[in-house]
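A.B. asks: Sharing a structure here in structure tokens format.
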Amino acid sequence: MILVLGLGGLLVQRFFKPHLDRDQYYYVKDITMLASWAMVGIWSGSGLLKWVIIAGMGGLFLGFCQKMQRSFELRPLFLLLGLLLALFGPRINFIGMPGGVFLYLPQGVAVILSALWYSLFPLVLQEVDQIPGLGGSLLFVGWLLMTLGVVTSSPGWNEVIYASLAGLVLIGTFWSRHLHVYGRLGEQMTSMWGMIMGGITVLGASKGLAFSALFLMPLGLFLVPIMETSLRVVGTSLVRRQLGNVTLYRALINRGVDHPMAVYMVSFTCLCLGILGFSAQRYGPWQVPLLVLPGVLLLGGGLYAFLRWGGSVLTHSRRPRIFGVHVDNVTLNYVLGRVRAMVSQGESCLICTLDALGALRSREDAEYREVLNRSDLVLPDGSGLIEAFKLLGNPLSERIPGVEFVDHLCRLAASERWGVFLLGGKPGVAELAAQRLLERHPGLVVAGCRDGYFPDSEEGEVIESIASSGARVLFVGLGVPRQEKWLFKVLKAHGRLPGVVGVGIGGSFDVISGRLKRAPVSWQRLRLEWLYRTIQEPWRIRRVARLPKFAFLVLWEKLFGKREERQD
């Protein structure tokens, strides 16, 4: 029956993929997966397993509501869902301890503990799924460990083994949905898999498996994410700022590891921790080798990472400064994850892009400098700025050009079905840029376009059109520093666009629309994009003429220490 499920899933994908767009295809895959789990429950004949799968369906519905309704906090409802499963389905009635000792729990305690256990899995999966690829990877590792524990501990075939193997087959059958290194499971899938996984661990314990073994495996699996999540939540509560450096993923990225390898290394670390938890509960001739194996793997992986990236360890601060302006030392993937979190929480977010000339302008414009320092993210855009921080001994993780950031953010918006609004440029440029973005990202929702040539008397009308469009992402190209000041006013000072992520992108609309050509790759590698742009727009020579002043001030700061900030 399990093989029938896998074969059926493959046939459904093969049939529908050529005829549907990406969103429709993913929807069909999710429905097929849900139907497959329903068949698992029907074929098993187990009443308790049916309740677990029903809870998984409820989790999927709750996750779908989370995705559609961002203005309300729905995560506490997972505890209610876990409570219902604990009342009608399997529950933790005892904890198996080493030496054959069992700790039996009162009924009320068993229900509460089970409800907490069930609600933990979807919440942790949703948290780690904020990083593309990590949620699916950890789901696979956790399910593999759970299946290993079930198969090796059960005296014979039962519904728990059946459900565990069925889950592995479904993950493999829909591998592109679960194991894509740049993909996310989404709220609905993390909720469904989390509830089912939590239920099967408890159901397995009720069939004679040592609960402590099944407890330690998921705990080992999610040890790093739980620590990161706890530190982030506590840190945010106490100091009201992001603690981006505490995550293992971010630490790897800061050491020059690319996104796919960072995801694999985090998953590998969690796998080793899970094996330790599993082997600690296994007594016999294989216990010592099982305990030694993950230690050897961790040491080997750590040695490889040190030899590969040890020389590129970055000891810089999270937000280094230049001319009194903070710049976020982040990667593109981190920024996209941060934007996704902001949108999911319904928060307004101001993102600015900064180059060398912008940094120089901030030194002379106190209002612009304050706007930058009060922004949620200031992204390094420009080779001059990158070289300046390198010279000052504070190298940045990577450069994030505005054109590339717009492209990647639109790809994310298309997959999440967020509306985007394009404001800026000459008449017709924003519309042409939107058309080009739609061609590159099918499914992108363009909520509206407007050129940047509007008088102050029409500002209220412009803001109202953005608010009524339902856009979650607003790209503004009004020129520096006008666009940053305008975004700060409408997003932060007056709060007229709640739940909108605003991004100042300068002249990126001209490049995206095709009105101007982007520098060839060879020019980019030589860090001569500014020269290529100046050749197309000779009027920029006046701005470029200020670059020697920027270089002089950076060199002065390097030689004579930190300059005193101007008080305007």
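Note that my numbering gives residue 1322 to position 243 of the sequence shown, counting from 1, and the numbers run on in steps of one.
Beta carbons: idealized from backbone N, C-alpha and C, even for Gly.
Since the model is a prediction, treat every value here as computed from it, not as a measurement.
Considering only residues of the same chain and omitting the five flanking positions on each side of L1069, which have a CB-CB separation below 6 angstroms?
C.D. replies: No information on residue 1069 is available, as it lies outside the stretch 1080 to 1647 that the chain covers here.
A.B. asks: If we require 3 or more residues per run, which beta strand (DSSP E) segments fall completely within the segment 1559 to 1636?
C.D. replies: 1580 to 1583
A.B. asks: Quick one: using the 10 Å Cβ neighbour count with 16 as the cut-off for buried, is W1116 buried or exposed?
C.D. replies: buried
A.B. asks: Excluding the 5 residues flanking S1198 on each side, which residues of the same chain have their C-beta closer than 6 angstroms to its C-beta?
C.D. replies: These residues qualify, in order along the chain: F1157, L1158 and G1161.
A.B. asks: Is it the case that the segment 1431 to 1450 contacts the segment 1551 to 1566, given that we only count it when at least three CB pairs across the two stretches are under 8 angstroms?
C.D. replies: Yes: the two stretches touch, three or more of their Cβ pairs being nearer than 8 angstroms.
A.B. asks: In angstroms, rounded to a whole number, what distance separates the CA positions of V1414 and L1605?
C.D. replies: 26 angstroms
A.B. asks: Counting only the same chain and skipping the five closest in sequence on each side, list residues whose C-beta sits under 7 angstroms from that of I1591.
C.D. replies: Cβ neighbours of I1591 within its own chain (closer than 7 angstroms, five residues either side excluded): V1482, V1485, A1512, R1515 and L1516.
A.B. asks: Rank W1609, F1173, Q1267 and L1084 by C-alpha distance to the C-alpha of G1251 and give the top, closest one.
C.D. replies: L1084
A.B. asks: May I ask you to report which of helix, strand or coil DSSP gives V1131?
C.D. replies: Annotated three-state conformation of V1131 is helix, per DSSP.
A.B. asks: Kindly list the residues whose CB is nearer than 7 angstroms to the CB of M1112, restricted to its own chain and excluding five residues on each side of it in sequence; keep chain order.
C.D. replies: L1249 and F1253
A.B. asks: Between the C-alpha atoms of V1188 and N1408, what's the straight-line distance to the nearest angstrom?
C.D. replies: 46 angstroms
A.B. asks: Comparing alpha-carbon positions, which option in E1518, V1552, P1480 and E1537 lies nearest L1491?
C.D. replies: V1552
A.B. asks: Just curious, the beta strand (DSSP E) that R1529 is in, first and last residue?
C.D. replies: V1524 to R1529
A.B. asks: Looking at R1170: is its Cβ nearer than 8 angstroms to the Cβ of V1342?
C.D. replies: no
A.B. asks: Specify, as a first and last residue, the run of the beta strand (DSSP E) that V1260 falls within.
C.D. replies: Per DSSP, V1260 belongs to no beta strand (DSSP E) and is neither H nor E.
A.B. asks: Please look up how many angstroms separate the CB atoms of I1545 and G1527, rounded, as I've assumed it's under 8 angstroms.
C.D. replies: Yes, I1545 and G1527 are in contact; Cβ-Cβ is about 7 angstroms, under 8 angstroms.
A.B. asks: If we count the other Cβ atoms within 10 Å of its Cβ and call it buried at 16 or more, is K1108 buried or exposed?
C.D. replies: buried
A.B. asks: Indicate the three-state DSSP secondary structure (helix, strand or coil) for H1338 in the structure shown.
C.D. replies: helix
A.B. asks: In terms of alpha-carbon separation, which member of R1093, L1429, L1184 and G1522 lies closest to V1579?
C.D. replies: Out of R1093, L1429, L1184 and G1522, L1429 has the C-alpha closest to the C-alpha of V1579.
A.B. asks: Would you identify the three-state DSSP class for V1450, choosing helix, strand or coil?
C.D. replies: helix
A.B. asks: Taking the straight line between their C-alpha atoms, what separation do you get for G1283 and K1096?
C.D. replies: 36 angstroms
A.B. asks: Helix, strand or coil: how does DSSP classify Y1532 here?
C.D. replies: Looking at Y1532 - three-state DSSP - the assignment turns out to be coil, as it is neither helix nor strand.
A.B. asks: If I measure Cβ to Cβ from L1195 and keep anything under 8 angstroms in the same chain, skipping five residues before and after, which residues do I get?
C.D. replies: L1158 and G1161
A.B. asks: Mark M1080 as exposed unless 16 or more other C-beta atoms lie within 10 angstroms of its C-beta, in which case mark it buried.
C.D. replies: When all chains shown are included, M1080 counts as exposed.
A.B. asks: Can you tell me whether P1627 is buried or exposed, with buried defined as 16 or more other CB within 10 angstroms of its CB?
C.D. replies: exposed
A.B. asks: Thinking C-alpha only, which one of S1454, G1472 and A1509 is nearest A1050?
C.D. replies: The requested residue 1050 is not part of the displayed model; the chain covers only 1080 to 1647.
A.B. asks: For the pair the segment 1464 to 1472 and the segment 1498 to 1508, tell me if three or more CB-CB distances fall below 8 angstroms.
C.D. replies: no
A.B. asks: Let me check one thing: in DSSP terms, what residues is V1404 bridge-paired to?
C.D. replies: I1401
A.B. asks: Under DSSP, the alpha helix (DSSP H) around V1541 begins and ends at which residues?
C.D. replies: E1538 to S1548
A.B. asks: In whole angstroms, give me the CA-to-CA distance for L1224 and I1354.
C.D. replies: 7 angstroms
A.B. asks: If W1635 and V1623 are in contact, beta carbons under 8 angstroms, what's the gap, nearest whole angstrom?
C.D. replies: Contact doesn't hold; Cβ gap of about 20 angstroms is too wide.
A.B. asks: Starting from I1430, follow the beta strand (DSSP E) in both directions and report where the run begins and ends.
C.D. replies: C1428 to L1433
A.B. asks: Could you spell out where the beta strand (DSSP E) holding P1459 opens and where it closes?
C.D. replies: L1456 to P1459
A.B. asks: List the residues that DSSP assigns as beta-bridge partners of V1107.
C.D. replies: In DSSP, V1107 forms no bridge with anything.
A.B. asks: Using the beta-carbon count (16 or more within 10 Å), is H1098 buried or exposed?
C.D. replies: Exposed, by the Cβ-count rule.
A.B. asks: Three-state secondary structure (DSSP) at V1239?
C.D. replies: helix
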